[in-house]
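Notes for the one structure printed next.
Numbering (the working numbering), first residue to last: 5 to 335.
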């Protein structure tokens with residue numbers, strides 16, 4: 005077994021083939037350097053991909069991840085193996101990664117790089133028989149190849165759906181029902197974890213609610229299956245702030261980031277008002293709905309209005325999600 009080995013790639017995204025190749029490379033060396041090559045022209049940042057690798061192999065002391073942010077004018081890349089390009093990369097490896105004794109790859113250029121470095125090349129599954137998928141195919145249709153995406157990388161591809169609307173419009177039930185239908189996670193409303201009734205809320209509670217809700221989104225997205233359904237978002241909390249206290253609610257950037265959604269569904273008030281002892285009265289519910297809707301418009305957020313009885317709401321929301329994300333195909 006060699007002391008030090010190297011694999012390199014874009015890992016965009018990290019998938020089961022990459023994981024298998026790294027595990028395979030560890031059979032040939034005591035310590036493995038995973039060289040992550042990232043260009044500023046690529047759609048997924050290098051630090052994001054580095055995080056995927058570190059999450060996947062962070063418990064293995066034999067693996068170290070090295071991010072190489074390169075200029076394509078200096079270090080070209082090509083979909084076709086090239087001796088001249090391989091020579092440039094081999095020179096970079098020689099100057100920055102001393103002591104490499106074995107190079108593991110699944111591409112023909114591996115022979116060239118190893119030749120220029122004067123080291124052994126071990127080829128892994130060049131025909132892609134063990135894991136028949138390419139990163140480019142995943143980028144084109146991640147949902148179709150979902151199970152082959154590395155678990156650490158899946159959250160990047162999750163599409164998030166927010167159910168907005170006033171109280172007693174069926175958001176909580178609908179979020180859970182859609183989550184079950186699409187076999188995925190859902191995020192419940194967090195307000196009741198902080199306060200029992202709307203009437204007792206104070207301004208300081210709103211940031212607590214927004215923080216807990218965003219943290220739950222970040223937690224649930226990691227276990228989501230393609231989509232994540234959320235009951236309300238930070239815009240609704242901001243709307244409550246204006247409606248109840250006449251004040252703007254400012255939240256940290258990480259909360260704003262967690263609350264970026266791919267689809268907003270707004271639930272109309274054309275349904276029975278169910279007073280469970282924690283909600284506003286019906287007239288206030290309807291007024292609050294207009295406030296919430298205005299918040300989305302002010303924020304420049306497009307949304308789909310869904311109304312009708314409880315069953316109609318489910319069917320319309322389900323159809324909208326299928327149309328936008330699955331092209332009418334059921335998971």
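Every residue, glycine too, gets a C-beta built ideally from N, C-alpha and C. Quick caveat, the model's predicted, so the values are computed rather than measured.
Query raised in the report: Do you know offhand how far residue 232's Cα is from residue 132's?
Result: Here the question's residue 232 lines up with position 228 in the chain shown. Here the question's residue 132 lines up with position 128 in the chain shown. Between residue 232 and residue 132, the C-alpha separation is close to 31 Å.
Query - Reference residue 243; option with closest CA among 295, 228, 213 - result: Residue mapping note: residue 243 aligns to position 239 of the chain shown, counting from 1. Nearest option by C-alpha distance: 295.
Report task. Name the two residues that bound the continuous alpha helix (DSSP H) containing residue 22. Result -> Taking the first residue of the chain shown as 1, we reach residue 22 at position 18. Residue 22 -> alpha helix (DSSP H) spans 20–29.
Query raised in the report: Candidates 204, 199, 179: which alpha carbon is nearest residue 237's?
Result: Locating residue 237 in the chain shown gives position 233, where the first residue counts as 1. For residue 237, the nearest C-alpha among the options comes from 179.
Query raised in the report: Roughly how many angstroms lie between the CA atoms of residue 144 and residue 216, to the nearest whole one?
Result: Your numbering for residue 144 matches position 140 in the chain shown. Your numbering for residue 216 matches position 212 in the chain shown. Between residue 144 and residue 216, the C-alpha separation is close to 34 Å.
Query raised in the report: Whose CA, out of 43, 40, 8, lies closest to the CA of residue 31?
Result: Along the chain shown, one-based indexing puts residue 31 at 27. Selected option, being the one with the closest Cα: 8.
Report task. Examine the Cβ distances between the segment 136–155 and the segment 166–184 and report whether three or more of them are shorter than 8 Å. Result -> no
**Report entry** Range covered by the beta strand (DSSP E) that runs through residue 100
**Finding:** As a position in the chain shown, residue 100 is number 96, starting the count at 1. From DSSP, residue 100 is part of no beta strand (DSSP E) but of the alpha helix (DSSP H) over 87–100.
Requested in this report: Flag this pair as yes or no: are the beta carbons of residue 163 and residue 329 separated by less than 8 Å?
Outcome: Reading the chain shown from its first residue, position 159 is the one you call residue 163. Reading the chain shown from its first residue, position 325 is the one you call residue 329. In this structure, residue 329 lies closer than 8 Å to residue 163 by Cβ.
Query raised in the report: Under a Cβ-count criterion, where at least 16 other Cβ atoms within 10 Å of its own Cβ denotes burial, should residue 93 be classed as buried or exposed?
Result: Stepping through the chain shown from its first residue, residue 93 is reached at position 89. Residue 93 is buried by the Cβ-count criterion.
Report task. List the whole-angstrom C-beta distance separating residue 229 from residue 299, where the pair is believed to meet the contact cut-off of C-beta under 8 Å. Result -> For the purposes of this step, residue 229 is taken as the residue at position 225 of the chain shown. For the purposes of this step, residue 299 is taken as the residue at position 295 of the chain shown. Not a contact, Cβ separation roughly 30 Å.
Query - Residue of 81, 121, 82, 108 minimising C-alpha distance to residue 99 - result: Residue numbering aside, residue 99 sits at position 95 when the chain shown is read from its first letter. The shortest C-alpha separation from residue 99 is found at 121.
Requested in this report: Note down, one range per segment and in chain order, each beta strand (DSSP E) of at least 3 residues found wholly within the segment 125–169.
Outcome: 163–169
Query raised in the report: To which residues of the same chain is residue 22 closer than 6 Å at the C-beta, ignoring the five residues directly before and after it?
Result: Counting from 1 along the chain shown, the entry for residue 22 is found at position 18. Only 15 meet the Cβ criterion.
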